[in-house]
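Chains as they are written, first to last, in our numbering: chain A, 53 to 160; chain B, 18 to 130.
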């Protein structure tokens with residue numbers, strides 16, 4: 053069963069436009085969620101964690117338990133935001149499962 | 018300090034051959050994870066280790082896949098009798114005790130011809 057769903061394989065926006073990368077999850081307990089990012093020719097790296105409620109590189113993500121969502125948002129996209137973004141959920145123990153990923157392309 | 022390292026970076030093998038992929042985690046990281054990354058499939062969980070034991074092997078696709086970790090450090094992922102569908106990038110990651118903040122290696126790109 054799919055635990056993390058990222059419905060968009062590709063999201064293309066213009067520079068300066070708002071961005072929302074969607075993530076929905078299925079989990080019966082209290083979820084712990086992350087966003088990871090992979091820039092071109094770089095390693096996959098942590099972007100942000102829901103428990104810290106932080107803003108990294110202008111991105112934020114709010115956990116909505118009612119909608120079981122953890123969408124990633126940024127008000128004004130920049131070209132350097134172009135990358136592959138993965139949403140991830142901690143299952144029992146320390147098992148981290150990822151969604152299929154969304155490619156974000158920011159056009160100039 | 019050094020990050021997670023993986024070797025080889027690229028591996029081309031013939032169908033039916035066995036391959037071994039190696040991961041060196043960050044020193045002090047007790048948890049180690051293996052994932053498979055392929056187009057359209059995202060990041061597929063394979064196995065993770067806490068120390069030398071693997072509490073969860075549920076992600077291994079078949080009994081052709083096995084992994085071990087020795088000394089709480091280096092891990093080897095072995096694929097026996099490789100098939101074309103095994104072609105993918107195999108990623109290793111490690112984390113500090115009690116966290117799931119994963120540090121990823123550069124991956125091994127496996128191509129089965």
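Backbone N, C-alpha and C define an ideal beta-carbon position, used for all residues, glycine too.
Does any residue of chain B bring its CB to less than 7 angstroms from the CB of residue 147(A)? Start at 1 with the first residue of the first chain, and residue 147(A) comes out as number 95. Closer than 7 angstroms: yes.
Assigned secondary structure, residue 104(A) (DSSP; H/G/I helix, E/B strand, else coil): Here the question's residue 104(A) lines up with position 52 in the first chain. Here residue 104(A) sits in helix by DSSP.
Given a limit of 7 angstroms on CB to CB distance, which residues of the stretch 115 to 149 of chain A reach chain B? 138, 142, 145, 146, 147, 148, 149
Nearest-angstrom Cα separation, counted from residue 109(B) out to residue 125(B): In the second chain, the residue the question calls residue 125(B) occupies position 108. In the second chain, the residue the question calls residue 109(B) occupies position 92. In a straight line, the C-alpha of residue 125(B) is about 9 angstroms away from that of residue 109(B).
If you draw a straight line from the alpha carbon of residue 94(B) to that of residue 103(B), how long is it in whole angstroms? For the purposes of this step, residue 94(B) is identified with residue 77 of the second chain, where counting begins at 1. For the purposes of this step, residue 103(B) is identified with residue 86 of the second chain, where counting begins at 1. Spanning the two alpha carbons is a distance of roughly 13 angstroms.
With distances taken between CB atoms, is the gap from residue 77(B) to residue 63(B) smaller than 7 angstroms? Mapped onto the second chain, residue 77(B) falls at position 60. Mapped onto the second chain, residue 63(B) falls at position 46. Their beta carbons are under 7 angstroms apart, which means residue 77(B) touches residue 63(B) by this criterion.
Between residue 103(B) and chain A, is any beta-carbon pair separated by less than 7 angstroms? Looking up residue 103(B) in the second chain gives position 86. Closer than 7 angstroms: no.
Residue 153(A) versus chain B: which residues are under 8 angstroms apart at the beta carbon? For the purposes of this step, residue 153(A) is taken as residue 101 along the first chain, with counting starting at 1. Those are 59, 60, listed as they occur along chain B.
Do residue 138(A) and residue 118(A) have their C-beta atoms within less than 7 angstroms of each other? Locating residue 138(A) in the first chain gives position 86, counting from the first residue. Locating residue 118(A) in the first chain gives position 66, counting from the first residue. Cβ atoms of residue 138(A) and residue 118(A): not closer than 7 angstroms.
Is the shortest distance between the beta-carbon of residue 48(B) and the beta-carbons of chain A less than 7 angstroms? Indexing the second chain from 1 puts residue 48(B) at position 31. Chain A contact via Cβ: present.
Is there a C-beta anywhere in chain B that falls below 7 angstroms from the one on residue 55(A)? Walking along the first chain from the start, residue 55(A) turns up at place 3. So no, residue 55(A) is outside the interface.
On the three-state DSSP scale, how would you describe residue 131(A)? By one-based count along the first chain, residue 131(A) stands at place 79. DSSP places residue 131(A) in helix when its eight states are reduced to three.
Within the 7 angstroms Cβ cut-off, does residue 118(B) reach chain A? Reading the second chain from its first residue, position 101 is the one you call residue 118(B). Yes, residue 118(B) counts as interfacial toward chain A.
Taking the straight line between their C-alpha atoms, what separation do you get for residue 126(A) and residue 100(B)? Position 74 of the first chain, counted from the first residue, corresponds to residue 126(A). Position 83 of the second chain, counted from the first residue, corresponds to residue 100(B). One C-alpha to the other measures close to 42 angstroms.
Test item: CB-CB of residue 88(A) and residue 141(A) under 7 angstroms: Within the first chain, residue 88(A) is the residue found at index 36, counting from 1. Within the first chain, residue 141(A) is the residue found at index 89, counting from 1. It is not a contact, given that the beta carbons lie outside the stated cut-off.
Looking at the ligand SAH, does it come within less than 6 angstroms of residue 19(B), judged from the CB to the closest heavy atom? The model on display carries no ligand, and the ligand SAH is accordingly not part of it.
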